[in-house]
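The next block holds one structure in the form of structure tokens; read it before the comments.
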Amino acid sequence: MADLTRDDVAHLAGLARIDLSDAELDRMVGELGVILEAVATVQQAPITDVEPMSHPMPIVNVTRPDVVRDCLTPQEALAGAPESEQQRFSVPRILDEE
Numbered sequence: 001m002a003d004l005t006r007d008d009v010a011h012l013a014g015l016a017r018i019d020l021s022d023a024e025l026d027r028m029v030g031e032l033g034v035i036l037e038a039v040a041t042v043q044q045a046p047i048t049d050v051e052p053m054s055h056p057m058p059i060v061n062v063t064r065p066d067v068v069r070d071c072l073t074p075q076e077a078l079a080g081a082p083e084s085e086q087q088r089f090s091v092p093r094i095l096d097e098e
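Oh and the sequence shown: position 5 is 5 in full-length UniProt numbering, straight run, nothing missing.
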């Protein structure tokens, strides 16, 4: 792999619209080099017999049956509310009309 240069880092920063100082550019040359080496190492992993997956562990979505059951009436739900209006909770306005 070709070595990463300061100009390469400056070009990438420009593409990402990130303004880096000279000191940051110098530091990023080393940091991005380490990242690229790590990616190169991962790319060498033998994956020919590995099925694509979205998560390394099996995930099961635990759900319950969708059954209609008794719930609070509007009056019961609003019984503890400080204020209500038209069967809704009434709260102080925090945003302007603008």
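Heads up, the beta-carbon is just placed ideally off N, CA and C, and yes, glycines get one too.
None of these values were measured; they are calculated from a predicted model.
Cβ-Cβ distances below 8 Å link Asp7 to nothing in the same chain once the five nearest sequence neighbours on each side are left out.
With contacts defined by Cβ atoms closer than 8 Å, Leu4 and Leu32 form a contacting pair. Separation of Glu85 and Ile94 (C-alpha to C-alpha, rounded to the nearest whole angstrom) is 17 Å. For Gly14, the enclosing alpha helix (DSSP H) stretches over residues Arg6 to Leu15. Between Met28 and Val9, the C-beta gap is smaller than 8 Å, which places the two residues in contact. For Val62, there is no enclosing alpha helix (DSSP H), as DSSP marks it with neither H nor E. Comparing alpha carbon positions, the residue from Gly80, Asp96 and Glu97 closest to Ser90 is Gly80.
CA-to-CA, the gap between His11 and Val39 works out to about 20 Å.
In the DSSP secondary-structure assignment, Arg88 is bridged to Glu85.
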